[in-house]
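Just below is one structure, and these are the notes that go with it.
Protein chains in written order, with our numbering: chain B, 8 to 319; chain W, 23 to 631.
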């Protein structure tokens, strides 16, 4: 039997509580800092505008394209490579009185003058009103996911579990967003889908640990143990599964990141970060939180009526 | 204890066979085809048309690979794209404009599979290429247009009943008519109440102001908006048919938006031109007095009139005509418009009106005998006079427009424009996407590759790490893909690139269930349980955890489905389905396989886990 993680003794995770809380707080604060001061680089779905994806036969010279696009004087335009040196994305703001077809034609014309080997792969135009709706829908979805999870976990476990799971996972979401803000990666609709998927996935992780904690509370041979010991045991017991599962999911997501091309890049990037932090947060954030909220055996085990033996 | 009753194995076998049948069509590929459908109800797609087309194709030296008659379409399959494009021209030429001839791709699925309803997955635009538009209906304009109509109905009703009225004013959301005194207000109110029962009429009789205000009730207003969207969708359907797109999607999205997806179309400019066209026909009165026309041409246009150019001016004709601004009748009342020939074999346009239109038109022609009317075609806000005939007799709901030397082509163009209808309200394009066909293919390839490599990595790892249990897990994972693909093909849900990503993610997450089970079985073995007990206890304990974790993931999935649009929705559909199939394959199916491996052995000393 191959075993990567044969851990004989329980690892005292809970005694690291202060350290992990400090780490979490620092990363969290940093993420919020970048979100506030750098902001997200919202994709065209949110801001409105026109995106033109071009393909060259030979590697393209981005600097030259930038200069050429600027000669059209469309305002703040962006030119960037998409995965390969031959794929280029040009992003233009909304311009009154010009349709995206006209825009893409003009851009293509200008670029063709110096490089006839360019062709348009995709044009995308989003009007200004759509974006606001997306943001509000995205936030609604986020709130709903949190509420749904809190309610389900509160019913299946107890409110302390529900609250700590959701806090731990919001922490993941904020860190993903922080990364996107820090690197100024484009935050598109697909990334939003990825972030929300992480929320569900990462809660799943906390649930596995919680399940073990609940089971341990019920176990007769755990009766003498303190709450931190019980939690440590639960985490240690599920450790092997945690790592293997996450490694498998991560393998899939990395495969998407590597082979999926530009269209899947943002999505798989959000998931890659989300899964890494998902392990950390569910083990080292959710469980200490649970302890802080004062979970005890009585919360989970209904007090049994002890039959007193008759004293003769 | 580790044996399934026979019916559980039967479920496994049946599920496997059914999914295989429904997944197979996806691997047959597609071949180029030409699809014929009728452009109007009078044309028929019968045996005669079919043999005519085959004969014409034969003359051109093209032999279709297959002829597939459908319920309301006729499809011809061809060997290659070159033949397909040539054949389209030949067929279009042979059949004329009564038929829509479109290029299409047909699945090569064998007949017996298609009879079972097994079809390949429906690919979204990002995978097959094409144009996507999101149009927003201008509701304010829709309401405005209706109020204008109410204004003219009020005028007509009051005139009919000989009630004198003053100015009719159209406000933002109501129409009001000025009246002389309290009696006329009462009389007019009675008349209008009868004529327009669905309007809220408010009389004002105070301080010397006498008027009636007509407004829509909230309910009528929302009905009106729904109707506007519905009418625009119908109109768009008619126009898209002109484009010859094989499988267009035109759907309402939200309250006032319409999605139009045209797979395979690359020419956005043309598509937009046709979608955005707002041609309508108007009947107005004309002034043919040569002196006044001359005066108008010199810049003295009388009040209430405008000078409009004649369409297709020929020799000896006037170039422009004085037309009254007031519109007597609009294209909305036209039921039918088609090119015909009169007794002298000159092309004319036959028009049929609905009952309201017929009654308006009868009154108009009766009152204006001997005068001239004009048929004006308004396209993109510019009017053009098609013809300005003298009214010689009272006309009813069916009449012909003579164009004074109109060609056959012109007659059919104009009737097509009129028939394609006008929009209930103008629309703005708020979202537009063009995806090249090669990009679509590339997206499929990349999505497929990343799923495949990820799957292989996981499967190989599982097999090495968990041995027999790992092999079972890998098989269960493979079965999960199969179920998911079969389900998507059965539901004909649209598969997009985010959908493919969701398939990949579903696999990455589904393996969690198997890892949980395998780890649990290991643990039970470690705790000293007998192998058979370890299997059953391992599965039992793991199931509670698997259920909890899948439900929470599903909650996130459903929220995405409810609030997502576009890319997010495409992801969410597959994500939710993937969670459901993974519960089935990872728990039920893998247990069945484990039972088959271990459950029937006399003595199991150890588990290969």
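All residues carry an ideal CB built from backbone N, CA and C; glycine is no exception.
Closest to residue 467 (chain W) by CA distance: which of W:148, W:512, W:352, W:135 is it?
Comparing Cα positions, the closest option is W:148.
Determine contact between the segment 576-587 of chain W and the segment 192-208 of chain B, defined as no fewer than three beta-carbon pairs at a distance below 8 Å.
Touching, per the Cβ criterion.
Using CA atoms only, rank isn't needed, just tell me which of W:229, W:590, W:113 is closest to residue 274 (chain B).
The shortest C-alpha separation from residue 274 (chain B) is found at W:590.
Please state whether the Cβ-Cβ distance between residue 21 (chain B) and residue 227 (chain B) is less than 8 Å.
The answer is no: Cβ separation not under 8 Å.
Cutting at 8 Å between CB atoms, please list the residues of its own chain near residue 102 (chain W), excluding the five before and the five after it.
Taken in chain order, the residues that qualify are 54.
List the residues of chain B whose Cβ lies closer than 8 Å to the Cβ of residue 552 (chain W), in chain order.
Correct list: empty, because the minimum Cβ distance to chain B is about 17 Å.
Kindly say whether residue 129 (chain B), judged by its beta-carbon, lies nearer than 8 Å to any beta-carbon of chain W.
Residue 129 (chain B) counts as touching chain W.
Starting from the C-beta of residue 256 (chain B), find all residues in its chain whose C-beta is less than 7 Å away, skip the five residues before and the five after it, and write them out in chain order.
Excluding positions up to five away in sequence, the list reads 282.
For the segment 242-312 of chain W, which segments carrying the beta strand (DSSP E) assignment without a break, of at least 3 residues, lie completely within its bounds, in sequence order?
List check, beta strand (DSSP E) in window: 271-275, 279-285, 302-309.
Where residue 620 (chain W) meets chain B, residues with beta-carbon distance less than 7 Å
Neighbours of residue 620 (chain W) across chain B, judged by C-beta separation under 7 Å, do not exist; the nearest C-beta is about 16 Å away.
What residue ranges within the segment 29-87 of chain B form continuous alpha helix (DSSP H) runs of no fewer than 4 residues, ordered along the chain?
Fully enclosed alpha helix (DSSP H) runs of 4 or longer: 51-54, 69-77.
From W:180, W:520, W:542, W:552, pick the residue whose C-alpha is nearest to that of residue 196 (chain B); which is it?
W:520 is the residue among W:180, W:520, W:542, W:552 whose C-alpha sits nearest the C-alpha of residue 196 (chain B).
By Cβ distance below 8 Å, which residues in the same chain neighbour residue 96 (chain W) in space, the five residues on each side in sequence not counted?
If we look at residue 96 (chain W) and ignore the five residues flanking it on each side, its Cβ neighbours are 57, 58, 59, 67, 71, 72, 75, 89, 90.
Among residues of its own chain, excluding the 5 on either side of residue 541 (chain W), which ones have a beta-carbon nearer than 7 Å to its beta-carbon?
Annotation for residue 541 (chain W): no residue places its beta carbon closer than 7 Å to its own, counting only its chain and skipping 5 residues before and after.
Going along chain B in order, which residues have a C-beta closer than 8 Å to the C-beta of residue 585 (chain W)?
Residues of chain B passing the Cβ test: 144, 145, 147, 148, 151.
Between the segment 450-457 of chain W and the segment 141-160 of chain W, do three or more beta carbon pairs fall short of 8 Å?
A contact exists between the segment 450-457 of chain W and the segment 141-160 of chain W.
State the Cα-Cα distance for the pair residue 115 (chain B) and residue 373 (chain W), rounded to the nearest angstrom.
The C-alpha of residue 373 (chain W) is placed about 45 Å away from the C-alpha of residue 115 (chain B).
Any idea what DSSP makes of residue 490 (chain W), helix, strand or coil?
Of the three classes helix, strand and coil, the one that applies to residue 490 (chain W) here is helix, per DSSP.
Look up residue 405 (chain W) in the DSSP assignment and say whether it is helix, strand or coil.
Looking at residue 405 (chain W) - three-state DSSP - the assignment turns out to be strand.
Out of B:306, B:292, B:303, which one is the CA nearest neighbour of residue 29 (chain B)?
With distances taken between Cα atoms, residue 29 (chain B) lies closest to B:292.
Hey, does residue 457 (chain W) have any beta-carbon neighbour from chain B nearer than 8 Å?
For residue 457 (chain W), the answer is yes, since a Cβ of chain B falls inside 8 Å of its Cβ.
Given residue 275 (chain W), which residues of its chain have a CB within under 8 Å of its CB, disregarding the five upstream and five downstream residues?
Correct list, in chain order: 156, 281, 587.
For a test of the three-state rule: what should DSSP assign to residue 73 (chain W), helix, strand or coil?
If DSSP states are grouped into helix, strand and coil, residue 73 (chain W) belongs with the helices.
Which first and last residues belong to the alpha helix (DSSP H) in which residue 238 (chain W) is found?
Note, residue 238 (chain W): premise wrong, no alpha helix (DSSP H); beta strand (DSSP E) at 231-238.
Counting pairs of Cβ atoms below 8 Å between the segment 235-248 of chain W and the segment 107-121 of chain W, do you hit three or more?
Output reads no: the segment 107-121 of chain W does not touch the segment 235-248 of chain W.
Going by DSSP, what residue range makes up the beta strand (DSSP E) through residue 293 (chain B)?
For residue 293 (chain B), no beta strand (DSSP E) run applies, since DSSP gives it neither H nor E.
Boundaries of the alpha helix (DSSP H) in which residue 379 (chain W) is found, first to last residue:
Element bounds for residue 379 (chain W): 377-389.
What is the DSSP secondary structure of residue 395 (chain W), counted as helix, strand or coil?
Under the three-state reduction of DSSP, residue 395 (chain W) is assigned to strand.
How would you list, in chain order, the residues of chain W whose beta-carbon sits under 9 Å from the beta-carbon of residue 134 (chain B)?
Contact of residue 134 (chain B) with chain W by beta-carbon distance below 9 Å involves 156, 158, 450, 451, 452, 453, 454.
Return the CA-CA distance between residue 128 (chain W) and residue 80 (chain W), expressed in angstroms with no decimal places.
When rounded, the distance between both Cα atoms is 21 Å.
Roughly how far, in whole angstroms, is the beta-carbon of residue 50 (chain W) from the beta-carbon of residue 508 (chain W), given that I think they are within contact range, below 8 Å?
That pair is no contact at about 15 Å.
Following the continuous alpha helix (DSSP H) through residue 583 (chain W), name the residue where it begins and the one where it ends.
Taken as a continuous stretch (DSSP letters only), the alpha helix (DSSP H) holding residue 583 (chain W) covers 553-585.
Taking Cβ to Cβ, would you say residue 131 (chain B) is nearer than 8 Å to residue 58 (chain B)?
Yes, the Cβ-Cβ distance between residue 131 (chain B) and residue 58 (chain B) is below 8 Å.
Under the three-state DSSP convention, the category residue 508 (chain W) falls into
For residue 508 (chain W), the three-state secondary structure derived from DSSP is helix.
Which residues of chain W have a Cβ atom closer than 8 Å to the Cβ of residue 258 (chain B), listed in chain order?
Per Cβ cutoff of 8 Å: 476, 479, 480, 483, 530.
Whose C-beta lies closer than 7 Å to the C-beta of residue 421 (chain W) among residues of the same chain, with five residues either side of it excluded?
Result list for residue 421 (chain W): 373, in chain order.
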